[in-house]
Each structure stands twice: as C-alpha cells, then as structure tokens.
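J.:
Residue numbers (the UniProt record's numbering), protein chains in the order written: chain A, 1 to 357; chain B, 1 to 357.
1. Output the distance between the C-alpha atoms of residue 20 of chain A and residue 95 of chain A, rounded to the nearest integer angstrom.
2. Is DSSP giving residue 225 of chain B helix, strand or coil here?
3. With 9 angstroms as the threshold, decide whether the Cβ of residue 239 of chain B is near any Cβ in chain A.
4. Between B:279, B:291, B:220 and B:212, which has its C-alpha nearest residue 267 of chain B's C-alpha?
5. Once the 5 residues before and after residue 249 of chain B are set aside, which same chain residues still bring their CB inside 8 angstroms of it?
6. Quick one: list the residues of chain A neighbouring residue 17 of chain B, beta-carbon separation under 9 angstroms, in chain order.
7. Look up residue 257 of chain B in the DSSP assignment and give the residues it is bridged to.
8. For residue 57 of chain A, does the count of other Cβ atoms within 10 angstroms reach 16, so buried, or fall short, so exposed?
9. If we call anything under 9 angstroms between Cβ atoms a contact, is residue 72 of chain B one with residue 33 of chain B?
10. Give the C-beta separation of residue 225 of chain B and residue 320 of chain B to the nearest angstrom, bearing in mind that I take them to be a contact with Cβ-Cβ under 8 angstroms.
11. May I ask which residues mark the beginning and end of the beta strand (DSSP E) holding residue 396 of chain A?
12. Anything in chain A within Cβ reach of residue 96 of chain B, meaning under 9 angstroms, just list it in chain order.
13. Identify whether residue 77 of chain A lies in helix, strand or coil by the three-state DSSP scheme.
14. What residues from chain B crowd round residue 189 of chain A, counting only those whose CB sits closer than 9 angstroms?
15. Count the CB pairs spanning the region 174-185 of chain A and the region 344-354 of chain A that are closer than 8 angstroms, and state whether there are at least three.
16. What separation, rounded to the nearest whole angstrom, lies between the Cα atoms of residue 61 of chain A and residue 76 of chain A?
17. Starting from the beta carbon of residue 285 of chain A, find every residue of chain B whose beta carbon is closer than 8 angstroms, and list them in chain order.
18. Excluding sequence positions up to five away, which residues of its chain have a Cβ less than 7 angstroms from the Cβ of residue 359 of chain A?
19. Counting contacts by CB-CB distance shorter than 9 angstroms, is residue 31 of chain B in contact with chain A?
20. Counting C-beta neighbours from all protein chains within 10 Å, is the total for residue 310 of chain A 16 or more, i.e. buried, or is it exposed?
21. If you check the beta carbons only, do residue 327 of chain A and residue 213 of chain A fall under 9 angstroms apart?
22. I believe residue 79 of chain A touches residue 233 of chain A by the beta-carbon criterion, under 8 angstroms. Please report the beta-carbon distance rounded to the nearest angstrom.
23. With a threshold of 9 angstroms between beta carbons, is residue 28 of chain B in contact with chain A?
24. Specify, as a first and last residue, the run of the alpha helix (DSSP H) that residue 312 of chain A falls within.
25. Report, in whole angstroms, the separation of the C-beta atoms of residue 342 of chain A and residue 281 of chain A, which I expect to be a contact under 8 angstroms.
26. Taking Cβ positions only, does residue 35 of chain B come closer than 9 angstroms to chain A?
27. Name the two residues that bound the continuous alpha helix (DSSP H) containing residue 246 of chain B.
28. Please list the terminal residues of the continuous alpha helix (DSSP H) segment that includes residue 37 of chain B.
29. Considering Cα atoms alone, identify which of B:99, B:101 and B:65 is closest to residue 86 of chain B.
30. Ordered along the chain, which non-local residues of its own chain (more than five positions away) have a Cβ less than 7 angstroms from that of residue 183 of chain B?
31. Which one of B:89, B:38, B:324 and B:68 has the shortest CA to CA distance from residue 74 of chain B?
32. Below 8 angstroms on the Cβ atoms is my contact criterion, and I expect residue 203 of chain A with residue 256 of chain A to pass it. Report the Cβ-Cβ distance as a whole number of Å.
33. Give a yes or no on whether the minimum CB-CB distance between residue 99 of chain B and chain A is below 9 angstroms.
34. Quick check: what's the CA-CA separation for residue 131 of chain B versus residue 228 of chain B?
35. Leaving aside the five residues before and after residue 265 of chain A along the sequence, list all residues of the same chain whose C-beta is less than 7 angstroms from its C-beta, in chain order.
36. Could you check whether the Cβ of residue 338 of chain B sits closer than 9 angstroms to any Cβ belonging to chain A?
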C-alpha cells in the first residue's frame, strides 16, 4: 500500500478519485452534480434538482482536491456559485465503482504503422503478431514507389503464414479505381470517388472474409484518406460504460442486404456478435435493408447505433496511403472507411482467411 | 372494409399511414428519413446517409399523400431538395408496425374536474368511478368558500366507500402551510413555499398510502398551482414506444431514503412496478439516496429517468385550487407537484387506503 496525495483524474463522462492509499473509485459527473449541495432547499436541505434537468454530457470545468475533499467547478455554472465539495470519506462511503479498470485507449497511427527496412520486404516480419494484437497494421514502403505487380508478392508473403486468398463476387483481386471495368459487380461505392463511411466488408455473407489487404498503387490527387477503427475496443468500452446500449447492439437483428447487377445476398444478425469464443462486428450503412423491428424497439435501436458509430468515429486512425503502402486489417474486428477524392486513385484489395473455405 | 382516400396522420416521433382499405401502419420519422432517396449515390443508388447523423427527434415539416405515394418535406432540409417520396405499396411491404394501437391521450383538466351541484356535496357522486378510471379528480366548490372544518366531512364521505384514513409520520391531517408547527417532522419541502417537482408521496415506505386528499383552504397570493400527471399512462406509452427505457425503469433498483428529525425510512425498488396484477410508481427527487448502480448501468439509468420525467411533465394537468376545492388522487399511479408561491397558502392533506393496515 503506497501512501501518496489523493488526486482526481478527469475523464469525459466521469472522474476517477485516487485516494491516498492508492485505491481509486470512479464517479460519473452527472452523479456528482446530482449529489452536490448547490441545489438544496436552504432550510430543509432537501435536494431540489431533478437529474432529468442535468445535461447527460455535463462535465466539470475544473476539479481538484484540497485537503480531504474533492472540489468541482461546473462547466456552464454561474461564476458566483460556490464550487461543489465532496469529503473524500463521503466519496469512499458512496463509491459505486471502486477499483474499476477501464478499457485501454485506442491505438494511435504511430502504433499501427511501421516503415519497412528495405524495398524487398513488403510487410514487417512481426506482421502476424501486430495483426492479432492491434487488428490492423500499416506498412510504409521505404522509397514510396512500388507497382501493382507486387500485389502477388504480398499475397505470397501472407500465404506463407497460412492465410489463403478468398475470391468473392468482386473477383480474386479487386481494383478499387473509378475506371474499373474488369471486375464483376462494379455498381458499388468502392468504384466511385465518393466518401465511404466506416464499415465492414461483406456483412451480408454468412461468413465475411476475415482479413483484407489494401495495397495502395496510386494516391488520389486530393483526398482519399484511409481510416480504420477498432470495433472490439468500442464494444468493450460500451460493455463497461453503457451496458444497455451494448445489449441492444448485441441482440437486435439487423438485415444486411446486398443486391447488385449479378449478385444478391441477405444476412440477418446483430451488429456485435460477442459470444464468449469470438468477436465479430458487422456494419455497413449502404447495405442495410429497411429495419423490421417491433415499433417499441426502434427508438432504442437508433440511439444505440448512433452511440456506437460516434465511438468508432472518435477513435478512428486516419492516414493517407502513398504508393506502395499496405493496410492489412481484421475485417471481423475493425471498421474501415475512406474520404472522398479527386483523381486516379488506385488501391488493390485482396481478402484472406485461414484454411480452405 | 371501408374504402376511402389514404391519409397520413403526423405524430411527434412517427407518422401513421391510413391506407385506402382502412388498415394503417406506423413509421418513425427517423426510419422514413433513413430510407428515403435524398442521400444516395447518383450512379450506384447506394445509401450514403448513416442513421447516426439523423437527429433522433427529426420530424416532417409537412407530409401528405398524393396519388399512390407518401410525400415528406423535412424540417431543417434545404428548400431546393426534392421531397421524399414513398409509394404506398412499398410502405405496405415494409410496414413493421401494422394496425398498431397507441396509448390514448392524457386526460385534460376539463376531464378531471367537476363543479359540485351544491355546498352540501363535497365530492361528486361518481367520485369512486372517476378515481378508478382517471387516477385523479378535482372537485370545485360551487361558491368557492369553505372552511377547514369541512375536512372531517370529506373524510366521512370518503370513508363511506370503504377507505380509511392512514396516519403517517406527519399526523392524521397534514396542514401544508409555511407556519405549520403542529405536525411532527416539519423539516420538509411541503411546509415551505418552494416549488416541488412531480413526485409520489412516501415512496420510502414499503407500502405508500394509496390515495391522497388535498383540501384547499386558502390559495396563495401568487403561484402555488397544483399539478397531477398519470404515470401509468406514461409507463404504457414507454412500453409501446421505447421498451428499452421501460425495461430500465421497471428493473433498476433505486433507494428512497427519508431522514428527518424524528423519522427515518429506506426503501429499495424500481421507479415503475408493473407486475401483471398491479401498477405502482415511486418517484421523489428529494428523497433519493445516492445511486448505487454498476458503473455500466449509470448512463442508461439517467437517460431513462430523464425520458420518463419529461413524459410526465409534458402530460401534466395544472390548475390553481381555490378555497374549498378538492384534489383526490391515486398515489400509486399519479405524480403530483406544486409551483412555488408567495403568501399564506393552506392546503390540508389526508391519506387513505382500503381496509385495516
């Protein structure tokens, strides 16, 4: 037990109080505001503030510990109002989340990317570990120059670790470019210059391909950034912060319906599949069929979905792939997106999975 | 089957389409906005609008049926954008809430109140039926003059229907006035001139008294309006419109803790108790103890509670009781409130319940 000065660490929705003995407890800002002495009747001391009138995203303007009490000045509160004061002993007594662990922060771009040592290697030697640990990796080509002929070398390097190419209704290698005419089923956003929101690929299949390689051949003249975001982390965050939203996303069936010129497939299932032995996210704004939910569940569905999308958007890593760069990610765990662009952007896409299918 | 012109009825969160054969179906505005053609890629036709970017309270500026299609102009949409168009056949095909019944509208003041025929009657003859049907009734004294001595006559009239007075820690008859010194435990908001939010009485008791009579002796010089709102209706509305919120309110335990100079009681249970054989609401901002919920449930709790409070506030009936007026309500079903006031307001309160306790 280490003795040190108590301190407060401010988070978005809550404060963590670290007590003098190293133990800690988390308190939502709304909880603290609701329990404080600012809105009580002067003679009876009764609370006169209903929690329905506190903004759900309220947070402290400033919070500090002075002596044996937490003090909070609230954002948006009149300057002449006293700060709220909470004796540390009272906080200990009412701690509803003692010694809670929080989900680790999202990976940064610096953590996902690696610059290759030579033109020979197309992926870093530890790519399988990185992929398993982080869900995605970005390999930068050292000279920034490479050609489409290296896609096959990449496939060989990945196949050496037991991953086989999965051919889909887009073919074996997808040429993501606006002038694509070689692939079947080019009637989809990937072959336009439009922005594409965060999504997973092929959620309308019973078994979407597990991994995708994106091999950048030519960047756009303008725009065309790539984004990836870890849905598994977002799901764990929700399970720890808003289990109600998590429950809606793991139980509400959604219909992913893809209908193209020469292809049609429908899959019905939840956005988040978090059975104990695996995790799988399916999300795709452009292939969702009209929702068929009971009327009474529709509100909660849109609310939960919006909260999840905001979470993955906030923690997305974004970067512009240069010629030769490789983005490899786990399509069961990560969402990906690209911004709109101008020019002859060319990215090659290949799906992989373990063993035969 | 009656044949008539199809029509659309706009509600706050949804539209009801009444088809030509008299059948109907309800569609949330957010669902309609998400499914419309305004945000689709010009060449592929894919949806480019994520529902997370639609305001949850979006509604139509104007909706109408022309020929065989529903047309919607959206609030906040650019004027040069085409209206959204939904063929009625398509709406029938995708109807997720066909032939749905909605909760009836809240009672109005005119429906709750009745003016007595003479100074002799203190309650209308059908008061037991009104109380059972509406949860509350307001009886207006014809001359607007009556004295505190009539409270006992009211008690007799109510007792004749099998309801007995329940004595509480405030006594047999509560004199709600700022200069009250006769009752025990006067250290509470009821004896001040402060506003009191919608609440139920005595939620901290295992069995809160079922009915309360409020007998107005002297109105305030200014303010002091009375409010009542039907929590049973609000609960049924939630069960039909937002079952997730309903679930949180019927399952999350809350601690009602009343500690006064000479009284202390604690009750732990949900806001809404809707077991099949009964309905009971408990709600009281000023006697809620600090919440002790799992960290991951706190967000959903505040969200659900706020939604419920807004509902009961929106459907509250408000009136100023004059001298002699009587407000009688079911404390297991109705919330009541009063606004702040100035002057020597005097209301007498008596609790009743069926049989011996």
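Backbone N, C-alpha and C fix where the C-beta goes; we use that ideal spot for every residue, glycine too.
T.: Walking through what the data contain:
1. Sequence index remark: in the first chain, residue 20 of chain A carries index 20 (1-based). Sequence index remark: in the first chain, residue 95 of chain A carries index 95 (1-based). Rounded to the nearest angstrom, the two C-alpha atoms are 15 angstroms apart.
2. Position 225 of the second chain, counted from the first residue, corresponds to residue 225 of chain B. Looking at residue 225 of chain B - three-state DSSP - the assignment turns out to be coil, as it is neither helix nor strand.
3. Residue numbering aside, residue 239 of chain B sits at position 239 when the second chain is read from its first letter. So, interface residue.
4. Along the second chain, read from residue 1 onward, the residue named residue 267 of chain B stands at position 267. Taking only the C-alpha atoms, the option nearest residue 267 of chain B is B:291.
5. For the purposes of this step, residue 249 of chain B is taken as residue 249 along the second chain, with counting starting at 1. Closer than 8 angstroms at Cβ, skipping near neighbours: 235, 238, 270, 271, 272, 304, 305 and 308.
6. The sequence position of residue 17 of chain B within the second chain is 17, counting from 1. Within 9 angstroms Cβ-Cβ: nothing; residue 17 of chain B doesn't reach chain A, min ~13 angstroms.
7. For this step, residue 257 of chain B is matched to residue 257 along the second chain. Beta-bridge pairing links residue 257 of chain B to B:266.
8. Indexing the first chain from 1 puts residue 57 of chain A at position 57. Flag for residue 57 of chain A reads exposed.
9. Position 72 of the second chain, counted from the start, is the residue given in the question as residue 72 of chain B. Position 33 of the second chain, counted from the start, is the residue given in the question as residue 33 of chain B. Contact flag set, yes.
10. Numbered from its first residue, the second chain carries residue 225 of chain B at position 225. Numbered from its first residue, the second chain carries residue 320 of chain B at position 320. Rounded, the Cβ-Cβ distance is 5 angstroms, consistent with contact.
11. Limits of chain A in this structure are 1 at one end and 357 at the other, which puts residue 396 of chain A out of reach.
12. Translated into positions along the second chain, residue 96 of chain B becomes position 96. From the beta-carbon of residue 96 of chain B, the residues of chain A found nearer than 9 angstroms are 290, 291, 292, 293, 294, 295 and 298.
13. One-based indexing of the first chain puts residue 77 of chain A at position 77. Coil at residue 77 of chain A, not helix or strand.
14. Mapped onto the first chain, residue 189 of chain A falls at position 189. Neighbours of residue 189 of chain A on chain B, chain order: 41, 44, 46 and 48.
15. yes
16. Taking the first residue of the first chain as 1, we reach residue 61 of chain A at position 61. Taking the first residue of the first chain as 1, we reach residue 76 of chain A at position 76. Those two C-alpha atoms are separated by around 8 angstroms.
17. In the first chain, residue 285 of chain A corresponds to position 285, counting from 1. Correct list: 47, 48, 49, 50 and 51.
18. As displayed, chain A neither begins before 1 nor continues past 357, which places residue 359 of chain A out of reach and without an answer.
19. For this step, residue 31 of chain B is matched to residue 31 along the second chain. Chain A contact via Cβ: present.
20. Residue numbering aside, residue 310 of chain A sits at position 310 when the first chain is read from its first letter. So residue 310 of chain A ends up on the exposed side.
21. Mapped onto the first chain, residue 327 of chain A falls at position 327. Mapped onto the first chain, residue 213 of chain A falls at position 213. Cβ atoms of residue 327 of chain A and residue 213 of chain A: closer than 9 angstroms.
22. Here residue 79 of chain A corresponds to residue number 79 of the first chain, with the count starting at 1. Here residue 233 of chain A corresponds to residue number 233 of the first chain, with the count starting at 1. The Cβ separation is near 39 angstroms, so there is no contact.
23. One-based indexing of the second chain puts residue 28 of chain B at position 28. Yes - at least one Cβ of chain A is within 9 angstroms of the one on residue 28 of chain B.
24. As a position in the first chain, residue 312 of chain A is number 312, starting the count at 1. Annotation: the continuous alpha helix (DSSP H) that includes residue 312 of chain A extends over 295-314.
25. The count along the first chain starts at 1 and reaches residue 342 of chain A at position 342. The count along the first chain starts at 1 and reaches residue 281 of chain A at position 281. The Cβ separation is near 31 angstroms, so there is no contact.
26. In the second chain, the residue the question calls residue 35 of chain B occupies position 35. At least one CB of chain A lies nearer than 9 angstroms to the CB of residue 35 of chain B.
27. As a position in the second chain, residue 246 of chain B is number 246, starting the count at 1. First-last of the alpha helix (DSSP H) with residue 246 of chain B: 243-251.
28. The residue you call residue 37 of chain B lines up with position 37 of the second chain. No alpha helix (DSSP H) contains residue 37 of chain B, which DSSP labels as neither H nor E.
29. The count along the second chain starts at 1 and reaches residue 86 of chain B at position 86. Of B:99, B:101 and B:65, the residue nearest in Cα terms is B:65.
30. Start at 1 with the first residue of the second chain, and residue 183 of chain B comes out as number 183. Correct list, in chain order: 170, 171, 174 and 175.
31. Stepping through the second chain from its first residue, residue 74 of chain B is reached at position 74. Considering only alpha carbons, the answer is B:38.
32. Your numbering for residue 203 of chain A matches position 203 in the first chain. Your numbering for residue 256 of chain A matches position 256 in the first chain. About 4 angstroms; that satisfies the 8 angstroms criterion.
33. The sequence position of residue 99 of chain B within the second chain is 99, counting from 1. By this cut-off, residue 99 of chain B is not an interface position.
34. As a working mapping, residue 131 of chain B is identified with position 131 in the second chain. As a working mapping, residue 228 of chain B is identified with position 228 in the second chain. Each residue's Cα considered, the two are about 13 angstroms apart.
35. Your numbering for residue 265 of chain A matches position 265 in the first chain. So the qualifying residues of the chain are 204, 205 and 258.
36. To locate residue 338 of chain B, count along the second chain from 1; it is residue 338. Chain A, which has no Cβ nearer than 9 angstroms to the Cβ of residue 338 of chain B, makes this no.
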